[in-house]
Each structure stands twice: as C-alpha cells, then as structure tokens.
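Take the sequence shown: its letters are residues 572 to 681, numbered as in my numbering. First up is the structure itself, then whatever we jot down about it.
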Amino acid sequence: MTVLVAWLLCAAGWGVVLAGLRNGLHGPSRGPALFAHTVTPAGVILLFALIGFGSLYATIALAAEWWALLAVTGLRPERLLSTGGLGRLAAWAAVTAAATYAATRFVFQV
572 MTVLVAWLLC AAGWGVVLAG LRNGLHGPSR GPALFAHTVT PAGVILLFAL IGFGSLYATI
632 ALAAEWWALL AVTGLRPERL LSTGGLGRLA AWAAVTAAAT YAATRFVFQV
C-alpha cells in the first residue's frame, strides 16, 4: 500500500507542477520548461536504474522534489524561474532533502 501511495503522490505532484507551468509561464522559456518537466520522470528512473537503485527510490525522490517545489513557490512553480533567486532555490533543496529523507525512512522503516 505504501508503494502505491508513493506512486500516486509522485503522479499527482507531477501533474500539479505541469499545470502550474502551463498556466504560469509565457514567452520563450515556456517550451523548454515544459519539455524538461515532461522528460524528467523517465530520465530520473533510468538514472536510478543505471546507478543501481530501484525505481521506488526514484519515485520517492521525485515526489519529494515536486511537492517541495510547490510548497516553496506557493503552488506557482514558475516563481522559481522568474523571481526565485538563490534563496528560493536553497529552500527548495533543503525541503526536498528533508522530505526525501523522511519518506525513505517511512517507506523502508529504517
């Protein structure tokens, strides 16, 4: 059941970030941002498989990244690109690391 919840959280986070990017970005940065966001799940899962981790670790990391991005930017992910600055980027990294650590410990009961 926990694995199913991790996959659902990952898919929901991906969808919310995609909707935010589609609605919030305009101009020349929109196309590359949407393309990068679309290919991210496959790329990350392939990377984790290449380095020897399973896709569950990748799913947990991706879900944490997307929900941390939404939390730091206030459900408007385009803020990271337009008015983000290093402070918002650092906050995103810190929240992502904490959420990934907590979710991994919860899923694997370490």
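By construction, the Cβ of each residue, glycine as well, lies at the ideal position given by its N, Cα and C atoms.
For a minimum of 3 consecutive residues, which ranges assigned as the beta strand (DSSP E) are wholly contained in the region 599-656? none
Hey, quick one: how far does the alpha helix (DSSP H) through L579 stretch, first residue to last? The count along the sequence shown starts at 1 and reaches residue 579 at position 8. Its alpha helix (DSSP H) spans residues T573 to G595.
Taking its Cβ as the centre, do 16 or more other Cβ atoms sit within 10 Å of V643, making it buried, or is it exposed? On the sequence shown, residue 643 is found 72 positions in, with the first residue counted as 1. Label assigned to V643: buried.
Flag A620 as yes if its beta-carbon sits less than 9 Å from any beta-carbon of chain D, otherwise no. In summary, chain D is missing from the structure at hand, where a single protein chain is found.
E636 to A670 span [Cα, whole Å]: In the sequence shown, residue 636 corresponds to position 65, counting from 1. In the sequence shown, residue 670 corresponds to position 99, counting from 1. If you take the alpha carbons of E636 and A670, they lie about 8 Å apart.
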